[in-house]
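Peer 1: I have a structure here, written as structure tokens, and I will follow up with some questions on it.
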Amino acid sequence: MAAAVVMPAMAAASPEWTSQAESTGTTIMAVEFDGGVVIGADSRTTTGSYIANRVTDKLTQIHDHIFCCRSGSAADTQAIADAVTYQLGFHSIELDERPLVHTAASLFKEMCYRYREDLTAGILVAGWDRRKGGQANSVPMGGMMVRQPFSIGGSGSSYIYGFVDASYKPGMSKEECLTFTAAALALAMDRDGSSGGVIRLAAITKDGVERKVILGNQLPRLSSL
9 MAAAVVMPAM AAASPEWTSQ AESTGTTIMA VEFDGGVVIG ADSRTTTGSY
59 IANRVTDKLT QIHDHIFCCR SGSAADTQAI ADAVTYQLGF HSIELDERPL
109 VHTAASLFKE MCYRYREDLT AGILVAGWDR RKGGQANSVP MGGMMVRQPF
159 SIGGSGSSYI YGFVDASYKP GMSKEECLTF TAAALALAMD RDGSSGGVIR
209 LAAITKDGVE RKVILGNQLP RLSSL
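In my numbering, the protein residues as written are 9 to 233.
Structure (structure tokens):
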């Protein structure tokens with residue numbers, strides 16, 4: 009009888025986050041430039057209000073010159089990325105050449121649309137291929153796909169639409185895109201409680217992938233508050 013009394017009390021005392029799914033919270037971004045594309049993301053993973061991981065890598069490599077940035081449910085986005093990586097690998101073997109970025113984005117779109125009632129996933133698919141160069145494709149929840157000169161996503165993106173619209177300039181260089189992406193992500197991380205940690209950046213060109221990490225004490229400061 010004593011055990012029957014104690015167990016509900018223990019259950020009631022359990023924090024709310026213990027029963028919630030892990031979410032990447034997130035701010036993600038991709039910017040095209042002449043010769044490639046820059047991608048970036050914060051690194052915070054949350055379970056409710058609890059920070060489950062401070063240094064998650066949300067830049068997931070799909071193929072040699074193709075990456076995706078993940079936002080939404082951590083489990084859902086990892087499962088989708090693994091499935092697309094598998095399919096794209098077979099596609100590349102069949103063609104005996106590197107796949108197109110559009111092909112990768114289309115695979116993400118098909119999976120996100122087919123399972124739109126079950127999955128919580130917003131994806132940015134970016135990379136370089138021989139046909140169209142650097143590309144940034146957005147695949148938001150529901151399975152739409154659209155290519156844009158720059159794309160943002162995740163919970164922190166709602167805080168920076170005005171900043172990116174005002175700051176983006178067509179024809180920016182790789183270094184300018186890296187600076188622009190870092191500034192936008194830092195601003196979102198400053199305002200959004202589900203975004204934080206470090207900034208992970210990658211520049212994808214025909215020569216390969218250059219990755220960079222900006223630590224928390226090195227983030228751009230855009231506010232004096």
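Every residue gets a Cβ at the ideal spot worked out from N, C-alpha and C, and that includes glycine. Values in this document were obtained by computation on a predicted structure and should not be read as measured data.
Counting C-beta neighbours from all protein chains within 10 Å, is the total for residue 48 16 or more, i.e. buried, or is it exposed?
Peer 2: Here residue 48 refers to the residue found at position 40 of the sequence shown. Classification for residue 48: buried.
Peer 1: Residue ranges of each beta strand (DSSP E) run of no fewer than 3 residues wholly in the region 37-64, ordered along the chain?
Peer 2: Whole beta strand (DSSP E) segments, 3+ residues: 44-49, 53-55 and 58-61.
Peer 1: Runs of 4 residues minimum, wholly inside the region 114-197: which ones carry the alpha helix (DSSP H) assignment?
Peer 2: Fully enclosed alpha helix (DSSP H) runs of 4 or longer: 169-175.
Peer 1: Going along the chain, which unbroken runs of the beta strand (DSSP E) with 3 or more residues stay wholly within the region 63-89?
Peer 2: Listed in chain order, the complete beta strand (DSSP E) runs (minimum 3 residues) inside the region 63-89 are 67-71 and 74-80.
Peer 1: Please name the residue in 210, 65 and 182 whose C-alpha comes closest to that of residue 82.
Peer 2: Here residue 82 refers to the residue found at position 74 of the sequence shown. For the residues 210, 65 and 182, the minimum Cα distance to residue 82 belongs to 65.
Peer 1: Closest by CA to residue 36, which one among 228, 217, 207 and 227?
Peer 2: Taking the sequence shown and counting its residues from 1, one reaches residue 36 at position 28. Nearest option by C-alpha distance: 207.
Peer 1: Thinking just about the alpha-carbon of each residue, which of 77, 57, 203 and 199 is nearest to the one in residue 135?
Peer 2: In the sequence shown, the residue the question calls residue 135 occupies position 127. If we check each option's Cα against that of residue 135, 77 comes out closest.
Peer 1: How far does the beta strand (DSSP E) with residue 106 in it extend, from its first residue to its last?
Peer 2: The count along the sequence shown starts at 1 and reaches residue 106 at position 98. Unbroken run through residue 106: none, as it is neither H nor E.
Peer 1: With a threshold of 16 other CB atoms inside 10 Å of the CB of residue 57, please say whether the residue is buried or exposed.
Peer 2: What you label residue 57 is simply residue 49 of the sequence shown in a count that begins at 1. By the neighbour-count rule (16 or more Cβ atoms within 10 Å), residue 57 is not buried but exposed.
Peer 1: Restricting to Cα atoms, I'd like to know which of 174, 182 and 114 is closest to residue 192.
Peer 2: Translated into positions along the sequence shown, residue 192 becomes position 184. Comparing Cα-Cα distances from residue 192 to each of 174, 182 and 114, the minimum goes to 174.
Peer 1: Measure the alpha-carbon distance for residue 122 versus residue 91 and round it to whole angstroms.
Peer 2: The sequence position of residue 122 within the sequence shown is 114, counting from 1. The sequence position of residue 91 within the sequence shown is 83, counting from 1. Residue 122 and residue 91: Cα-Cα distance of roughly 13 Å.
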